[in-house]
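Asker: Here it is, the structure in full.
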Amino acid sequence: MSAKDGDGGRPPSRVTRLVHSGRPSGDRVTVNPPVERGSTVAFADAGELYAAGPRTYGRHGLATHAALKDALSAWHGAEHVTLTPSGLAACALSILPFVRSGDHVLITDSVYAPVRVLAQRRLKAMDVEAQFYDPRIAGDVASLIKPNTRLVYLESPGSLTFEIQDTPALCAAAKAAGAVSVMDDTWAGGWAQDPFAHGVDVVVQALTKHQGGHSDALMGAVMTNDADHAQTIADTARDLGNAVSPDDASLILRGMRTLDVRLERSAQTGRAVADWVADHPAVAEVLHPARADHPDHALWARDFTGAPGLFGVRLRPVEEASLTTALNALTLFGMGFSWGGYESLVIPCGPQLRRTASPDAPDGPLVRISTGLEDAADLIADLDQAFARLSPVSASPPTGIA
Ligand SMILES: *Cc1c(COP(=O)(O)O)cnc(C)c1O
10 MSAKDGDGGR PPSRVTRLVH SGRPSGDRVT VNPPVERGST VAFADAGELY
60 AAGPRTYGRH GLATHAALKD ALSAWHGAEH VTLTPSGLAA CALSILPFVR
110 SGDHVLITDS VYAPVRVLAQ RRLKAMDVEA QFYDPRIAGD VASLIKPNTR
160 LVYLESPGSL TFEIQDTPAL CAAAKAAGAV SVMDDTWAGG WAQDPFAHGV
210 DVVVQALTKH QGGHSDALMG AVMTNDADHA QTIADTARDL GNAVSPDDAS
260 LILRGMRTLD VRLERSAQTG RAVADWVADH PAVAEVLHPA RADHPDHALW
310 ARDFTGAPGL FGVRLRPVEE ASLTTALNAL TLFGMGFSWG GYESLVIPCG
360 PQLRRTASPD APDGPLVRIS TGLEDAADLI ADLDQAFARL SPVSASPPTG
410 IA
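According to our numbering, the residues represented by the sequence shown are 10 to 411, in order.
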């Protein structure tokens, strides 16, 4: 880290360290680290070739990767960082290293859908039992823990459905049972909560989203402050040939410099859009944890310091074709997967929703909105003209003459 100490030795804040970490130091150096591309690293001394140490081969990371890891370490308060080629690879690398045949893992029912598939296909093939739990179970998770429970997986808020979990209670129960707690913190991006402070052992980030911030690179990170866990993760990453491109590492690092201001704005805009949407007659419910009407608002207020602009909108039942018409009519919101970029996005969530351990959602389609950096009033005007195309399904069909 190249941040100079502030006046009088005052330690620089996290945002300042994010801006200064992973930067070259010295006279007439570029502000940003060079993109160091390479597979082979040439040695001058044959005696050094097989000596353990950094910078032996491109797959293990070179200067650009080290700079990104510095910035991630400063921002997330993580001593150990492993980069992965995608966010999903980070999810996988937060589970697979810790489990073996005969183990049991608990995974939140609100988990990012591809992790459910990983559990049902990959873990099953390894003879690891994955059990899904109600994201709102809190400390009662202890009743699901078995002697062979090895890992408890959290995601808060949940993907698409935005339940806030009682992270300290879940992690305390995991710890008491000797299980590893893992949290996918992609929504908060380390900006809106500190999972380590809540007791999480291993934190996953899809850097593709907030950290990258520009929808032009895929990457993930697995982070921990536990040296043994770090070694287990690093060994597995090595065994699997895990590697990321230095060009992508450079893009993610560039995105991270503006993370704090982008999220601040996206949060503001998201809240304004959510509040407008909540009053629309076509809307049954807005799933935005910073709003007082969110069922887990108290937990959010206790454990989070912000709410990035990604939230759900449960519509009242509508004619299905009219939802397609309305979404197609949006001009400022793009439609596509992922989020966290500078541009606003919307998707209908229906086909991705899957519940096995907690109540099914009420009727009416769920739409997910990601607010980017456009003007909030423009986004609201766009939604207004699109939502006008929704045709409600009337609650009670016409009954004719009484
Ligand atoms: C997008 C996402 C991922 C996966 O990230 P990719 O880089 O797309 O593989 C994992 N977890 C959450 C919560 C996500 O939103």
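Built from N, CA and C at the ideal position, the CB exists for glycine as well.
In chain order, what residues of the same chain lie with their CB nearer than 8 Å to the CB of isoleucine 242, ignoring the 5 residues before and after it?
Answerer: Within the sequence shown, residue 242 is the residue found at index 233, counting from 1. For isoleucine 242, where only same-chain residues beyond five positions count, the Cβ hits under 8 Å are His89, Thr91, Leu102, Ser103, Pro106, Val211, Val231 and Thr233.
Asker: In this structure, does DSSP put methionine 10 in helix, strand or coil?
Answerer: Here the question's residue 10 lines up with position 1 in the sequence shown. For methionine 10, the predicted model reports a pLDDT of 41, less than 50, meaning its position is unreliable; a value from the coordinates is still stated below. Methionine 10: coil per DSSP, three-state reduction.
Asker: For leucine 339, collect the residues of the same chain with a Cβ closer than 7 Å to its Cβ; drop the 5 residues on either side in sequence, then sort them by chain order.
Answerer: Residue 339 sits at position 330 when you count from the first residue of the sequence shown. These residues qualify, in order along the chain: Val355, Asp391 and Ala395.
Asker: If we call anything under 7 Å between Cβ atoms a contact, is proline 304 one with alanine 316?
Answerer: Your numbering for residue 304 matches position 295 in the sequence shown. Your numbering for residue 316 matches position 307 in the sequence shown. Their beta carbons are not under 7 Å apart, which means proline 304 does not touch alanine 316 by this criterion.
Asker: 7 Å is my cut-off, CB to CB: does glutamate 383 come that close to chain B?
Answerer: Checking the listed chains, one finds no chain B in this structure; it contains a single protein chain.
Asker: For arginine 325 and alanine 283, what's the separation of their Cα atoms in angstroms?
Answerer: Position 316 of the sequence shown, counted from the first residue, corresponds to residue 325. Position 274 of the sequence shown, counted from the first residue, corresponds to residue 283. Between arginine 325 and alanine 283, the C-alpha separation is close to 16 Å.
Asker: Along the chain, where does the alpha helix (DSSP H) containing valine 114 start, and where does it finish?
Answerer: Along the sequence shown, one-based indexing puts residue 114 at 105. Counting along the chain, valine 114 falls outside any alpha helix (DSSP H), though it belongs to the beta strand (DSSP E) covering 113-117.
Asker: I need the straight-line Cα distance from alanine 252 to proline 371, nearest angstrom please.
Answerer: Start at 1 with the first residue of the sequence shown, and residue 252 comes out as number 243. Start at 1 with the first residue of the sequence shown, and residue 371 comes out as number 362. One C-alpha to the other measures close to 42 Å.
Asker: Leaving out the 5 sequence neighbours to the left and right, which residues in its chain are closer than 6 Å to threonine 170 when beta-carbon positions are compared?
Answerer: Start at 1 with the first residue of the sequence shown, and residue 170 comes out as number 161. So the qualifying residues of the chain are Ser119.
Asker: Using three-state DSSP, classify glutamate 138 as helix, strand or coil.
Answerer: What you label residue 138 is simply residue 129 of the sequence shown in a count that begins at 1. Looking at glutamate 138 - three-state DSSP - the assignment turns out to be strand.
Asker: Mapping DSSP to helix, strand and coil, what is isoleucine 173?
Answerer: Start at 1 with the first residue of the sequence shown, and residue 173 comes out as number 164. Here isoleucine 173 sits in coil by DSSP.
Asker: If you follow the beta strand (DSSP E) that methionine 192 is part of, which residue opens it and which one closes it?
Answerer: Within the sequence shown, the letter at position 183 stands for residue 192. 189-193 is the extent of the beta strand (DSSP E) around methionine 192.
Asker: On the CB-based measure, 16 or more other CB atoms within 10 Å of its CB, does aspartate 79 come out buried or exposed?
Answerer: Translated into positions along the sequence shown, residue 79 becomes position 70. Buried, because 16 or more other Cβ atoms sit within 10 Å of the Cβ of aspartate 79.
Asker: Expressed to the nearest angstrom, what Euclidean distance is found between the alpha-carbon atoms of glutamate 138 and valine 114?
Answerer: In the sequence shown, counting from the first residue as 1, residue 138 sits at position 129. In the sequence shown, counting from the first residue as 1, residue 114 sits at position 105. Spanning the two alpha carbons is a distance of roughly 6 Å.
Asker: Is any heavy atom of ligand 1 found at a distance shorter than 6 Å from the C-beta of arginine 262?
Answerer: For the purposes of this step, residue 262 is identified with residue 253 of the sequence shown, where counting begins at 1. The displayed chain sequence assigns leucine, not arginine, to residue 262. No - ligand 1 has no heavy atom lying nearer than 6 Å to the Cβ of leucine 262.
Asker: Hey, out of Ser275, Pro63, Arg37 and Pro42, whose CA is closest to aspartate 257's CA?
Answerer: In the sequence shown, residue 257 corresponds to position 248, counting from 1. It is Pro42.
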